[in-house]
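**Q** Let me begin by handing over the structure; questions about it come next.
Numbering (the UniProt record's numbering), first residue to last: 1 to 279.
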């Protein structure tokens with residue numbers, strides 16, 4: 001069973017973190033969400049406190065699909081709302097395509113580069129982070145506890161690194177170090193998202209305008225591949241937007257998982273929308 005937490009009450013909303021992160025990434029939005037949803041936070045395989053990512057020669061997408069479905073079955077969740085950030089957004093989109101999600105909300109999801117060469121940039125970010133962590137060794141935790149160190153650590157991930165606490169940074173650093181084997185497997189298997197999501201599964205894509213990991217131009221690719229989805233530009237936030245603007249992110253997650261969206265088929269033209277709260 002994947003490591004997880006359950007909070008609140010209402011329709012279930014499963015939240016999936018990004019690569020090398022952990023379920024605690026959602027803590028900044030948890031209280032607001034738990035007032036309206038039963039919120040399930042989960043650590044992906046090879047991340048946080050979950051078991052290692054073991055593929056045994058199988059395609060990584062198949063492994064993630066089966067692990068996630070087994071997780072839902074183990075909790076007795078039948079087609080919950082699913083949302084995710086980065087890799088978690090990609091997993092959420094596949095959950096929608098595989099019939100495992102009632103609705104999907106993806107924040108800067110992976111899988112929308114156009115060519116392998118375009119993915120090299122993102123791959124290099126994580127590769128360099130691994131090299132730097134290895135060079136720093138035990139000094140990395142000292143860096144995480146300093147304000148200047150957190151600015152360096154989170155400069156590519158968030159627009160407001162100062163909002164990350166020392167304890168959160170140390171926990172994230174330990175989570176990053178633990179996830180490096182899974183990261184290598186996931187990077188080697190990375191491929192664009194091209195699956196088809198049924199029309200009765202509402203999809204919301206929120207892309208950070210200041211995303212330095214999966215650049216905002218990839219949002220245009222997402223619009224072309226998922227023309228029926230609602231596409232929202234989140235201004236003033238970074239790739240991991242939950243600590244940058246918790247209220248705005250929580251509002252988007254609640255809107256994307258609104259119960260009304262579960263009964264009416266998604267039959268609307270593509271929409272290009274900028275979050276009004278960011279204008």
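Glycine included, each C-beta is placed from N, C-alpha and C at the ideal position. None of these values were measured; they are calculated from a predicted model.
On a CA-only basis, which of 25, 20, 31, 41 is nearest residue 1? Give me that one, please.
**A** Residue mapping note: residue 1 aligns to position 1 of the chain shown, counting from 1. Comparing Cα positions, the closest option is 41.
**Q** Assuming residue 22 and residue 175 are in contact, meaning their beta carbons sit under 8 Å apart, how far apart are those beta carbons, in whole angstroms?
**A** As a working mapping, residue 22 is identified with position 22 in the chain shown. As a working mapping, residue 175 is identified with position 175 in the chain shown. About 4 Å separates the two Cβ atoms, so the contact holds.
**Q** Is it the case that the Cβ atoms of residue 229 and residue 204 are separated by a distance below 9 Å?
**A** Start at 1 with the first residue of the chain shown, and residue 229 comes out as number 229. Start at 1 with the first residue of the chain shown, and residue 204 comes out as number 204. Yes, they are a contact pair.
**Q** Measure the alpha-carbon distance for residue 278 versus residue 236 and round it to whole angstroms.
**A** Within the chain shown, numbered from 1, the residue matching residue 278 stands at position 278. Within the chain shown, numbered from 1, the residue matching residue 236 stands at position 236. No answer about residue 278 holds up, because its pLDDT of 33 lies below 50 and its placement is not dependable.
**Q** With three or more C-beta pairs closer than 8 Å as the rule, is the stretch 40 to 55 touching the stretch 10 to 25?
**A** Taking 8 Å as the limit for Cβ pairs, the verdict is that the stretch 40 to 55 does touch the stretch 10 to 25.
**Q** Given residue 131, which residues of its chain have a CB within under 6 Å of its CB, disregarding the five upstream and five downstream residues?
**A** Position 131 of the chain shown, counting from 1, holds the residue named residue 131. Answer for residue 131: no residue qualifies.
**Q** Which partner residues of residue 83 appear in the DSSP bridge assignment?
**A** Counted from its first residue, the chain shown places residue 83 at position 83. Looking at the DSSP assignment, residue 83 forms a beta bridge with 15, 105.
**Q** Short of 8 Å in beta carbon distance, which residues of its chain neighbour residue 275, apart from the five on each side in sequence? Order them along the chain.
**A** Sequence index remark: in the chain shown, residue 275 carries index 275 (1-based). Confidence in residue 275 is poor, its pLDDT being 41 and thus under 50, which makes the residue's placement unreliable; the coordinate value appears in the next sentence. So the list reads 206, 232, 233, 234, 235, 248, 252, once near-sequence residues are dropped.
**Q** Answer with buried or exposed for residue 128, where buried requires no fewer than 16 other C-beta atoms within 10 angstroms of its C-beta.
**A** Stepping through the chain shown from its first residue, residue 128 is reached at position 128. It is exposed - the Cβ of residue 128 has fewer than 16 other Cβ atoms within 10 Å.
**Q** Could you have a look at residue 159 and say whether DSSP puts it in helix, strand or coil?
**A** Working through the chain shown from its first residue, we reach residue 159 at position 159. In this structure, residue 159 counts as coil in the three-state DSSP scheme.
**Q** Please report the straight-line C-alpha distance between residue 266 and residue 126, rounded to a whole angstrom.
**A** What you label residue 266 is simply residue 266 of the chain shown in a count that begins at 1. What you label residue 126 is simply residue 126 of the chain shown in a count that begins at 1. Note that residue 266 scores 33 on pLDDT, short of 50, meaning its location in the model is unreliable; the coordinates nonetheless yield the value given after this. Each residue's alpha carbon lies about 36 Å from the other.
**Q** Within the continuous beta strand (DSSP E) that includes residue 204, where are the two ends?
**A** Position 204 of the chain shown holds residue 204. Here the beta strand (DSSP E) through residue 204 covers 203 to 208.
**Q** Which whole runs of the alpha helix (DSSP H) in the stretch 164 to 192 are 4 residues long or more, in chain order?
**A** Fully enclosed alpha helix (DSSP H) runs of 4 or longer: 166 to 178, 180 to 189.
**Q** What's the call for residue 26, buried or exposed, on a 16-neighbour Cβ count within 10 Å?
**A** Numbered from its first residue, the chain shown carries residue 26 at position 26. Buried, since its Cβ has 16 or more Cβ neighbours within 10 Å.
**Q** Looking only at its own chain, which residues have a Cβ that is under 6 Å from the Cβ of residue 257, when we skip the five neighbours before and after it?
**A** Sequence index remark: in the chain shown, residue 257 carries index 257 (1-based). Hits under 6 Å: 13, 81, 103.
**Q** Give me the DSSP bridge partner(s) of residue 6.
**A** The count along the chain shown starts at 1 and reaches residue 6 at position 6. DSSP lists 40 as partners of residue 6.
**Q** Taking the C-alpha atoms as reference points, what is the distance between residue 92 and residue 214?
**A** In the chain shown, counting from the first residue as 1, residue 92 sits at position 92. In the chain shown, counting from the first residue as 1, residue 214 sits at position 214. Cα to Cα, residue 92 sits roughly 17 Å from residue 214.
**Q** Does the pairing of the stretch 179 to 188 with the stretch 51 to 59 give three or more beta-carbon distances under 8 Å?
**A** Flag = yes, the stretch 179 to 188 and the stretch 51 to 59 touch.
**Q** Counting C-beta neighbours from all protein chains within 10 Å, is the total for residue 152 16 or more, i.e. buried, or is it exposed?
**A** The residue given as residue 152 occupies position 152 in the chain shown. Residue 152 comes out exposed.
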